[in-house]
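In this note's numbering, the protein residues as written are 58 to 553. Glycine included, C-beta positions come from ideal geometry on N, C-alpha and C. A quick write-up on the structure given underneath.
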Ligand code: BG6
């Protein structure tokens, strides 16, 4: 979704370079998304794609690889004319990220500046390789034209506040801020964008969206998948860095932010930063009360037995990396003071599901005391991000019959009609990069404030590395996550 139509035709890139073209991210997300954009006729005719990777492949072997990758991952069967059009845009470049000669070859392959205004460089590589690419692009002059050539950086942006600042300084040494696209693909998900519409286009909702009516907010991103051959990255990162500091924090900001004055990149980001700045810092002594971590042990998912984290390939023996994290935050501003935000995410949980669940307060008056209505459950608004994209509201109605009894009904405001296609977040975001719209990308102060919020937890856990509690794969995580709740009637909500 392009929020602001600020892309000028002369800014449209005519080259899109994927560093790490044979890696997981490119295969799982970028190539299928670009193919879908091709199928939807959203790629300009003049756009050429360059696949940069270390493997000694020819353009022919790349073509074969693409056929396999796409056949496995796209929606529906491969459409031959679309595939032919798409593959014709590609050239394969065997190169070494650390060798400046590879960048010279790349530069020679790009059209001359006069013929083309912009190139996108997508860093689908390990964070440890970011600096080599940024510096080498500068050495061969590909950081210019300033303000035109774009560099796309995936999360994690740094591994703590200091390293994030270092990476940012390096980027700014060679690129202007408007050339930098820091991606958090959760912002490209349809429900997340729809949350803005739900909140700010419905007069009905916004007056209730505050501490007077809302009891607490839960944000769950549960994954049934494990670490999928990513141990070298994940074992150093863990769930807090991999998911909570970025994806879950971004969801929190969109739920909690004030209406921006305009749907423009900086107006939106200003409001998100205000939320992050208002989060009450967690003191060293309060870390235990605010955060829970755990690691998956053997278990079973969908009837299949699965390994524990420590048995996964390439995980350090006795690793205490967390694969589950739950945390509680308070936002000290007029709208949210006193309302707990509970966040949790984990690998190898019972289901693959992401849900924002908002629980309202109990009605103040016990009108039904003298009737068979035993207790009135509070209302919920449930915003399901995946696998289903929906918005439901739980309200009470009287059960038809002679007695005064109630039941909970869900009003389902699912916004997708059955014949409407589901977009992957990357389709939206890649199109935004191409069109030069940065609204759904992260500004550095957001990254920095999000690190500041989780920093006390990271520091505390860094010195407590001898032991980590476990949870059975296929469960909803450790029972210990319940201790975060402020009151006995609060419980994790697993289903929309
Ligand atoms: C990535 C994390 O950013 O997001 C992965 O590194 C995680 O660990 C993934 O699995 C989840 O994204 P999605 O869109 O598949 O839910």
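Closer than 7 angstroms to some heavy atom of the ligand BG6: that describes the Cβ of residue 299.
By the criterion of a C-beta distance shorter than 8 angstroms, residue 252 is surrounded in its chain by 311, 312, 413, 440, once the five residues flanking it on both sides are discounted. Per DSSP, reduced to three states, the secondary structure at residue 369 is coil, with no helix or strand assignment. Of the heavy atoms belonging to the ligand BG6, none sits nearer than 7 angstroms to the Cβ of residue 517. Taking all protein chains in view, the Cβ of residue 360 is surrounded by fewer than 16 other Cβ atoms within 10 Å, so the residue is classified as exposed. Taking non-hydrogen atoms of the ligand BG6 into account, the C-beta of residue 216 is found less than 7 angstroms away from none of them.
Taking the CA atoms as reference points, residue 71 sits about 46 angstroms from residue 531.
Membership of residue 322 in the alpha helix (DSSP H) is indicated by the continuous run 322-335. In this structure, the beta-carbon distance from residue 351 to residue 321 does not fall below 8 angstroms. The residue among 479, 498, 411, 453 with its C-alpha nearest the C-alpha of residue 420 is 453. Using a Cβ-Cβ distance cut-off of 8 angstroms, the region 531-550 and the region 253-269 are not in contact, since fewer than three pairs of beta carbons, one from each stretch, lie closer than that value. Here the distance from the Cβ of residue 129 to the nearest heavy atom of the ligand BG6 is not below 7 angstroms. Collapsing the DSSP output to three states places residue 270 in coil. Rounded to whole angstroms, the Cβ separation of residue 161 and residue 197 is 6 angstroms, and the two are in contact under 8 angstroms. By the criterion of a C-beta distance shorter than 7 angstroms, residue 227 is surrounded in its chain by 188, 191, once the five residues flanking it on both sides are discounted. Bounds of any alpha helix (DSSP H) do not take in residue 453; it lies within the beta strand (DSSP E) bounded by 447-455. Counting the other CB atoms within 10 Å of its CB gives residue 337 a total below 16, which places it among the exposed residues. Going by DSSP, residue 129 is part of the alpha helix (DSSP H) stretching over 116-130. Between the alpha carbons of residue 488 and residue 239 lies a gap of roughly 14 angstroms.
Three or more beta-carbon pairs drawn from the region 91-111 and the region 143-155 are found closer than 8 angstroms, and the two stretches are therefore classed as touching.
Linking residue 159 to residue 183 through their CA atoms gives a straight-line distance of about 18 angstroms.
With 16 or more other Cβ atoms from the protein chains shown falling within 10 Å of its own Cβ, residue 302 counts as buried. Going by C-alpha positions, residue 521 is about 19 angstroms away from residue 372. For residue 374, the secondary structure class from DSSP, reduced to helix, strand or coil, is coil.
According to the DSSP assignment, residue 159 belongs to the alpha helix (DSSP H) that extends over 157-166.
Between residue 358 and residue 405 a beta carbon distance of about 7 angstroms is seen, short of the 8 angstroms cut, so the two are scored as contacting. In this structure, the C-beta of residue 443 approaches the ligand BG6 to less than 7 angstroms from one of its heavy atoms. For residue 260, there is no enclosing beta strand (DSSP E), as DSSP marks it with neither H nor E. In this structure, residue 512 and residue 217 form a Cβ contact; the two beta carbons are roughly 7 angstroms apart against a cut-off of 8 angstroms. Annotation for residue 470: 448 place their beta carbon closer than 6 angstroms to its own, counting only its chain and skipping 5 residues before and after.
Assignment of beta-bridge partners to residue 387 by DSSP yields 397. Residue pairing for residue 105: DSSP places it in a beta bridge opposite 72.
For residue 305, the CB contacts under 7 angstroms within the same chain, skipping 5 residues up- and downstream, are 276, 278, 400, 402 in chain order.
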